[in-house]
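J.:
In this note's numbering, the protein residues as written are 47 to 259.
#1: Confirm, please, whether the CB-CB distance from residue 163 to residue 213 is below 8 Å.
#2: What residues are listed by DSSP as bridge partners for residue 80?
#3: From residue 112 to residue 86, what does the alpha carbon distance come to, in whole angstroms?
#4: Identify whether residue 50 lies in helix, strand or coil by the three-state DSSP scheme.
#5: Looking at C-alpha atoms only, which residue of 248, 240, 179, 144 is the closest neighbour of residue 96?
#6: Going along the chain, which residues of its own chain have a beta-carbon closer than 7 Å to the beta-carbon of residue 193, five neighbours each way excluded?
#7: Please list the terminal residues of the continuous beta strand (DSSP E) segment that includes residue 3.
#8: If you draw a straight line from the C-alpha of residue 45 to the C-alpha of residue 189, how long is it?
#9: What first and last residue would you give for the beta strand (DSSP E) that runs through residue 221?
#10: Can you tell me whether DSSP reads residue 215 as helix, strand or coil?
#11: Alpha carbon to alpha carbon, how far is residue 227 from residue 137? Give it in angstroms, no decimals.
#12: Which residue marks the beginning of the beta strand (DSSP E) containing residue 163, and which one marks its end?
#13: Which of the three DSSP states is assigned to residue 124 in this structure?
#14: Where does residue 112 fall in DSSP's three states?
#15: Just to confirm the assignment, what range does the beta strand (DSSP E) spanning residue 154 have?
#16: Could you spell out where the beta strand (DSSP E) holding residue 183 opens and where it closes?
#17: So the beta strand (DSSP E) residue 258 belongs to, where does it begin and stop?
#18: Who are residue 237's beta bridge partners in DSSP?
#19: Using C-beta distances below 6 Å, list every residue in its chain close to residue 247, excluding the 5 sequence neighbours before and after it, in chain order.
Here's what the structure looks like:
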């Protein structure tokens with residue numbers, strides 16, 4: 047595979063974590079980038095900046111430097127963005143279908159510890175990984191969360207399968223855990239499936255394999 051640099055979307059800046067999180071919309075029309083000042087920039091498919099909005103702390107009494115954005119993901123219909131934050135909360139912002147629409151918070155999910163990673167399967171609820179090792183599901187329709195499964199190890203990564211009916215989580219102890227909302231008759235096992243040699247900070251669940259890095 048040969049990769050070709052096409053353009054720079056956001057100029058380089060000094061300091062650590064100048065880009066906190068990025069995500070593509072499922073319809074491939076928008077790229078969201080969260081910068082160090084906790085602002086989400088929205089780019090179109092050609093890389094032009096078209097919009098932006100500011101994220102908020104869990105408690106307005108604290109400033110923007112009171113939290114870090116740990117992950118972002120678009121909703122399956124590409125009209126919302128969920129933002130996972132270190133101050134024990136996940137906000138869901140409605141960004142709409144067209145550029146320039148007003149950005150409003152439509153859901154907020156309070157967590158028992160820092161939200162460390164997030165994924166939104168195409169056929170399932172929003173899934174949140176926590177620093178305490180727990181994996182939670184969040185239902186946008188009723189604003190409620192439930193525990194999908196527990197672990198004793200910090201959740202470092204989350205991803206869903208191609209069908210959107212299963213998720214895997216990576217943990218600081220190297221374990222990779224699988225859960226199905228629907229196994230589609232595969233009979234594949236749920237629970238801990240492998241132990242990686244180091245924390246799997248990046249996971250991909252392909253059609254026939256799971257890739258950990």
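Where is the CB? At the ideal position from N, CA and C, for every residue including glycine.
T.: Answer, in terms of the structure:
#1: Position 167 of the chain shown, counted from the first residue, corresponds to residue 213. Position 117 of the chain shown, counted from the first residue, corresponds to residue 163. No.
#2: On the chain shown, position 34 is the one that residue 80 refers to. Paired residues: 67, 86.
#3: Position 66 of the chain shown, counting from 1, holds the residue named residue 112. Position 40 of the chain shown, counting from 1, holds the residue named residue 86. Looking at the two C-alpha atoms, the distance is approximately 17 Å.
#4: Counting from 1 along the chain shown, the entry for residue 50 is found at position 4. The answer is coil: DSSP assigns residue 50 none of H, G, I, E or B.
#5: Locating residue 96 in the chain shown gives position 50, counting from the first residue. Of 248, 240, 179, 144, the residue nearest in Cα terms is 144.
#6: As a position in the chain shown, residue 193 is number 147, starting the count at 1. Same-chain partners within the cutoff: 180, 182.
#7: The shown model of the chain, from 47 to 259, leaves out residue 3, and the question about it has no answer.
#8: Residue 45 lies beyond the residue range present for the chain, which begins at 47 and ends at 259; the question has no answer from this structure.
#9: Walking along the chain shown from the start, residue 221 turns up at place 175. First-last of the beta strand (DSSP E) with residue 221: 221–226.
#10: In the chain shown, the residue the question calls residue 215 occupies position 169. Strand, per DSSP.
#11: Here residue 137 corresponds to residue number 91 of the chain shown, with the count starting at 1. Here residue 227 corresponds to residue number 181 of the chain shown, with the count starting at 1. Taking the straight line from one Cα to the other gives about 23 Å.
#12: In the chain shown, residue 163 corresponds to position 117, counting from 1. Per DSSP, residue 163 belongs to the beta strand (DSSP E) from 161–165.
#13: Numbered from 1 along the chain shown, position 78 holds the residue referred to as residue 124. Of the three classes helix, strand and coil, the one that applies to residue 124 here is coil, per DSSP.
#14: If you number the chain shown from 1, residue 112 lands on position 66. In this structure, residue 112 counts as helix in the three-state DSSP scheme.
#15: Taking the chain shown and counting its residues from 1, the one referred to as residue 154 is at position 108. Segment 150–156, the beta strand (DSSP E) holding residue 154.
#16: Residue numbering aside, residue 183 sits at position 137 when the chain shown is read from its first letter. Where residue 183 is concerned, the enclosing beta strand (DSSP E) stretches over 181–185.
#17: If you number the chain shown from 1, residue 258 lands on position 212. Note, residue 258: beta strand (DSSP E), 256–258.
#18: Here residue 237 is taken as the residue at index 191 of the chain shown, counted from 1. Paired residues: 224.
#19: As a working note, residue 247 is residue 201 in the chain shown. Hits under 6 Å: 202, 203.
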